[in-house]
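**Q** Take this structure, written in structure tokens, and hold onto it; I'll ask about it next.
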Amino acid sequence: MKIEEVEIENISGSQFIKIPENFKIDDNRVYLKKIGNSIFIIPFHNPWGSLIESINQFSGDFMEDRNQPKLDKRETL
1160 MKIEEVEIEN
1170 ISGSQFIKIP
1180 ENFKIDDNRV
1190 YLKKIGNSIF
1200 IIPFHNPWGS
1210 LIESINQFSG
1220 DFMEDRNQPK
1230 LDKRETL
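Residue numbers (my numbering): 1160 to 1236.
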């Protein structure tokens, strides 16, 4: 994941950031999600795209050693 530092400008009580060219979003609107002191910018027309793309970032051994308990035996309905 690439990280870049940018300045925050304060104008008339609002904050603005200039998004660098290499972070260009192919959309004309975005969602903003604030979690703690972090802000996430999510494309408006494809909000799930980054989640779907991130699935390919997991290695083949992801959670290979997960200790999943055996399923409970339950009475059938």
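The beta carbon of each residue, even a glycine, is placed where N, CA and C say it ideally should be.
(1) In chain order, what residues of the same chain lie with their CB nearer than 6 Å to the CB of Asn1169, ignoring the 5 residues before and after it?
(2) Along the chain, where does the alpha helix (DSSP H) that runs through Ser1209 open and close?
(3) Assuming Asp1157 contacts Phe1203 (C-beta within less than 8 Å), just tell me the rounded distance between them.
(4) Name, in chain order, the residues that DSSP records as bridge partners for Val1165.
(5) I need the DSSP call for Gln1174, collapsed to helix, strand or coil.
**A** Walking through what the data contain:
(1) Setting aside the 5 residues that flank it on each side, Asn1169 has no residue in the same chain whose C-beta is closer than 6 Å to its C-beta.
(2) Gly1208 to Ser1213 is the extent of the alpha helix (DSSP H) around Ser1209.
(3) Past the boundaries of the shown model lies residue 1157; the chain is included only from 1160 to 1236, so the question cannot be answered.
(4) Note: Val1165 sits in no beta bridge, so no partner.
(5) Gln1174 falls in the strand class under three-state DSSP.
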